[in-house]
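>
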């Protein structure tokens with residue numbers, strides 16, 4: 001069963017070979033490797049990437065004539081991919097050796113009519129303030145089966161680098177939304193959930209997620225991060241309002257905490273909606289915790305920034 005792995009690269013040729021080699025070193029034998037070069041045609045990064053790719057003649061190399069963005073780059077890879085399953089890898093991250101093999105094994109066991117998305121836990125390298133995903137810390141079982149619509153409570157899956165998914169499922173939901181500036185992974189997972197794809201998590205660190213060179217990461221851009229969260233709110237307004245009371249509250253609580261950690265004023269504007277969605281004692285307890293969240297978050301950031309000096 002062929003798996004297509006799509007690496008998108010922009011302005012980081014120095015890390016790209018590490019990503020490539022992590023695919024070539026996979027224990028799973030049937031892999032098609034696609035590298036989509038999203039650098040400008042005349043840039044130094046394009047020249048360096050072209051030189052690197054020459055060392056690996058089996059790679060399918062796609063070159064954009066100009067920078068189109070990560071979403072467009074992933075979609076370019078999806079269009080030419082021949083694999084039944086597709087995995088993605090950011091150019092500055094790397095897979096551990098058994099990542100694809102273990103995901104394919106679980107995908108075969110839990111196949112569904114609408115497709116399956118297998119995600120994994122991961123190692124965070126370079127930023128001690130970042131933690132592993134919520135579900136990996138909370139659940140001790142080998143596999144995690146989130147309930148339907150649980151994805152609305154937040155992007156518990158994380159980066160595109162952590163998933164393996166049916167190509168036909170991606171095509172059914174029209175792949176990545178190229179209009180989004182951030183949260184494109186969360187948006188994709190929501191649409192796959194709405195289509196009926198089954199989600200299964202492997203509670204094992206199978207990706208090294210590097211966070212120590214964030215200049216070109218979307219997550220380092222405050223305005224783009226806020227734009228993504230606001231877009232999710234607008235795009236799925238009706239679906240969010242139709243959630244059960246607990247999931248709706250957890251969605252607004254997650255969104256409030258994420259936004260206020262980026263910008264206090266923008267977060268404060270979302271607090272009334274969080275209050276309105278609270279409908280139980282546990283919700284009100286969470287509201288109280290959310291009130292002190294910006295102070296706790298700022299303190300944590302100060303502590304870790306001091307340790308890194």
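Residue numbers (full-length UniProt numbering): 1 to 309.
Glycine residues also receive a C-beta, built at the ideal position from the N, C-alpha and C atoms.
Just verifying my parser: in three-state terms, what is the DSSP assignment at residue 259?
Numbered from 1 along the chain shown, position 259 holds the residue referred to as residue 259. Note: residue 259 maps to helix in three-state DSSP.
> Can you grab the Cα-Cα spacing for the pair residue 141 / residue 209, in whole Å?
As a first step, residue 141 must be located in the chain shown, where it is residue number 141. As a first step, residue 209 must be located in the chain shown, where it is residue number 209. In a straight line, the C-alpha of residue 141 is about 22 Å away from that of residue 209.
> Residue 249 to residue 150, Cα distance in whole Å?
As a working mapping, residue 249 is identified with position 249 in the chain shown. As a working mapping, residue 150 is identified with position 150 in the chain shown. One C-alpha to the other measures close to 12 Å.
> Could you tell me whether the region 15-22 touches the region 71-86, using the rule of 3 or more Cβ pairs below 8 Å?
Cβ pair count under 8 Å is below three, so no.
> Tell me residue 166's beta-bridge partners as DSSP assigns them.
The count along the chain shown starts at 1 and reaches residue 166 at position 166. The partner list for residue 166 (beta bridge, DSSP) reads 85.
> Could you check if residue 46 is buried or exposed, using at least 16 other CB atoms within 10 Å of its CB as the buried criterion?
Numbered from its first residue, the chain shown carries residue 46 at position 46. Buried, because 16 or more other Cβ atoms sit within 10 Å of the Cβ of residue 46.
> Kindly indicate which three-state DSSP category residue 7 falls into: helix, strand or coil?
For the purposes of this step, residue 7 is taken as residue 7 along the chain shown, with counting starting at 1. If DSSP states are grouped into helix, strand and coil, residue 7 belongs with the strands.
> Taking the alpha carbon of residue 166 as the point to measure from, which residue in 82, 238, 258, 152 has its own alpha carbon closest?
Working through the chain shown from its first residue, we reach residue 166 at position 166. Of 82, 238, 258, 152, the residue nearest in Cα terms is 82.
> Residues in its own chain within less than 7 Å of residue 287 by CB, not counting five upstream and five downstream?
In the chain shown, residue 287 corresponds to position 287, counting from 1. The answer, listed in chain order, is 274, 275, 278.
> Pairs of beta-carbons, one from the region 96-110 and one from the region 33-45, closer than 8 Å: are there three or more?
Not touching, per the Cβ criterion.
> Which same chain residues, not among the five before or five after residue 145, have their C-beta less than 7 Å away from its C-beta?
Position 145 of the chain shown, counted from the first residue, corresponds to residue 145. These residues qualify, in order along the chain: 200.
> To which residues does DSSP link residue 208 through a beta bridge?
Within the chain shown, the letter at position 208 stands for residue 208. Per DSSP, 94, 123.
> Would you list the residues sitting across from residue 200 in a DSSP beta bridge?
Working through the chain shown from its first residue, we reach residue 200 at position 200. Bridge partners of residue 200: 118.
> State buried or exposed for residue 282, treating a residue as buried only when at least 16 other CB atoms are found within 10 Å of its CB.
What you label residue 282 is simply residue 282 of the chain shown in a count that begins at 1. Burial call: exposed.
> Specify, as a first and last residue, the run of the beta strand (DSSP E) that residue 33 falls within.
Here residue 33 refers to the residue found at position 33 when the chain shown is read from its first residue. Note, residue 33: beta strand (DSSP E), 31-37.
> In angstroms with no decimal places, state the Cα-to-Cα distance between residue 202 and residue 157.
Position 202 of the chain shown, counted from the first residue, corresponds to residue 202. Position 157 of the chain shown, counted from the first residue, corresponds to residue 157. Near 11 Å, if we compare the C-alpha coordinates of residue 157 and residue 202.
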